[in-house]
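Structure, as structure tokens:
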């Protein structure tokens with residue numbers, strides 16, 4: 002079995018630790034990372050292009 006599954010099976014009896022582990026795995030997913038990097042890159046460009054009217 003993979004090391005990640007071994008850790009998941011070991012922490013199944015502690016729900017808080019298991020939820021934390023699943024959160025870490027979800028955060029490190031490649032699609033999450035590229036989506037967040039894209040949002041961080043585009044957001045300043047979109048907000049900086051608009052000037053407030055006085």
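In this note's numbering, the protein residues as written are 2 to 55.
All residues carry an ideal CB built from backbone N, CA and C; glycine is no exception.
Computed from a predicted structure; not experimentally measured.
Counting along the chain, the unbroken alpha helix (DSSP H) around residue 11 starts and ends at 4–11.
Between residue 22 and residue 35, the C-beta gap is not smaller than 8 angstroms, which leaves the two residues out of contact. Membership of residue 20 in the alpha helix (DSSP H) is indicated by the continuous run 16–28. For the set 45, 31, 44, 26, the Cα lying nearest the Cα of residue 5 is the one of 26.
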